[in-house]
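First comes the structure, then the notes that go with it.
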Ligand SMILES: NC(=O)c1ccc[n+]([C@@H]2O[C@H](COP(=O)([O-])OP(=O)(O)OC[C@H]3O[C@@H](n4cnc5c(N)ncnc54)[C@H](O)[C@@H]3O)[C@@H](O)[C@H]2O)c1
Ligand SMILES: [Zn+2]
Ligand SMILES: [Zn+2]
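Written as structure tokens, this is what we have:
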């Protein structure tokens, strides 16, 4: 058993706390990871708000990289000393989706079997089956993906938001050469969707946000046009920018009904809506069926950008190391483990793309 410092959300909507937690040594098929860096994602805040589920207390943090400290019996994909990115998807190979050859949807993704706990034995619910605002974390070994050596604060971001945004464009949305794209919400996830659209060859990429500063950053990631939705109707603006038609792919990266509807209506006929922003369970949208049918195309939620971590993480690190993917530009600041609550506030004020906790 290992005693380490970690960031927990004890009760709904209360500020997060730095606590001592107990992390078991790895059992069969598990790996103990010495976390080096973990990004602060909006999904951590969703957990703290009770917007994901009510399984408090949560061990937060899930965009992480680190060094394998130890592994349990039967582990052969990683060994102590390996540099890894932790994935929240580790396909089981056996569920009905994996058996149909669609492991990127895996419905029974693997996690550590043993629980990390508070000092009094209360089991913690690790965010997205990871829980990496902690000096050590226990995961299923299959969640640890070995990659080439890279700055930990950059590598960790591939574990969630950046990977989700890139994949929302490249995999879920299937953006390809010559497409027009609109991205609603230019945080870490939305900017990664912009970067992914650029990589895939989109000819026009319209960034939509309500914050001027975010729109400036979006341009630097490859947006060809920007729309401030606090001043202009984004659907109208997007039509004007696309000869009156709308975009081929509209990506919603906020997680709100109004932006989902804007993305729905900003599409050209037969266009694709990708929903990568995570809604609160209370949110609903109302759509006239004739608009749904009449516009055709597809409405597609994007879980983790439909990525396959074992295939995609090493590839993205290689592209980064070759200077072809500016992942380092997502790191706005590095912070201490005690500063997560402050980082949430900065995220809400729009001051950062990613604050990354260094351990
Ligand atoms: N589907 C997945 O696998 C996955 C993975 C990671 C994160 N997410 C989700 O993606 C979303 C974005 O995450 P993030 O970390 O980039 O968050 P963020 O808070 O950094 O970014 C959200 C952006 O949306 C903008 N915004 C807010 N209201 C808006 C509006 N009405 N119109 C346009 N823009 C608006 C904000 O100004 C901000 O720039 C969150 O809901 C997060 O939970 C999903
Ligand atoms: Zn599976
Ligand atoms: Zn995340």
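Numbering (the working numbering), first residue to last: 272 to 630. For glycine and all other residues, C-beta sits at the position ideal for the given N, C-alpha and C.
Distance, residue j Cα to residue i Cα
i           : j           : result
residue 434 : residue 560 : 33 Å
residue 306 : residue 354 : 10 Å
residue 429 : residue 438 : 11 Å
residue 486 : residue 345 : 48 Å
residue 522 : residue 316 : 21 Å
residue 605 : residue 624 : 11 Å
residue 504 : residue 360 : 37 Å
residue 422 : residue 432 : 17 Å
residue 603 : residue 614 : 11 Å
residue 273 : residue 496 : 51 Å
residue 509 : residue 472 : 19 Å
residue 364 : residue 299 : 17 Å
residue 287 : residue 511 : 44 Å
residue 327 : residue 577 : 28 Å
Close beta carbons around residue i, own chain, < 8 Å, minus the five adjacent residues each side
i           : result
residue 541 : 566, 567 and 568
residue 607 : 628 and 629
residue 352 : 338 and 339
residue 407 : 273, 275, 294, 303, 304, 305, 306 and 340
residue 469 : 476, 492 and 493
Coarse secondary structure for residue i, derived from DSSP in three states
i           : result
residue 495 : coil
residue 215 : Here the chain has residues from 272 to 630 only, and residue 215 is not among them.
residue 397 : strand
residue 608 : helix
residue 367 : helix
residue 550 : coil
residue 564 : helix
residue 631 : Lying before the first or after the last residue shown, residue 631 is absent from the chain, which here runs from 272 to 630.
residue 429 : coil
residue 621 : coil
residue 571 : strand
residue 478 : strand
residue 311 : coil
residue 305 : strand
residue 291 : strand
residue 387 : coil
residue 443 : helix
residue 410 : strand
Close Cβ partners of residue i (< 6 Å) along its chain, the five nearest in sequence each way excluded
i           : result
residue 500 : 479 and 481
residue 492 : 462, 465 and 466
residue 380 : 360 and 361
residue 376 : 368
residue 573 : 439, 443, 545 and 547
residue 474 : 449
Residues near residue i in its chain [Cβ-Cβ closer than 7 Å; skip 5 each side]
i           : result
residue 556 : 528, 531 and 532
residue 394 : 386 and 388
Ligand 4 heavy atom lying under 7 Å from the CB of residue i
i           : result
residue 622 : Annotation note on ligand 4: not contained in the displayed structure, which lists ligand 1, ligand 2 and ligand 3 as its ligands.
Exercise. Which residue spans inside the stretch 507–547 form an unbroken beta strand (DSSP E) run of at least 3?
Worked result: Within the stretch 507–547, complete beta strand (DSSP E) segments of at least 3 residues are found at 518–523 and 538–546, given in chain order.
For this session: Count the CB pairs spanning the stretch 447–454 and the stretch 369–382 that are closer than 8 Å, and state whether there are at least three.
Result: Because the criterion of three Cβ pairs below 8 Å is not met, the stretch 447–454 and the stretch 369–382 do not touch.
For this session: Taking 8 Å as the threshold, find out whether the stretch 288–302 comes into contact with the stretch 588–600 through three or more Cβ pairs.
Result: With the cut-off at 8 Å, the stretch 288–302 and the stretch 588–600 do not touch.
Problem set entry | Contained alpha helix (DSSP H) runs [length at least 4] in the stretch 577–605, N- to C-terminal order | Counting whole runs of 4 or more residues, the stretch 577–605 contains the alpha helix (DSSP H) stretches 580–592.
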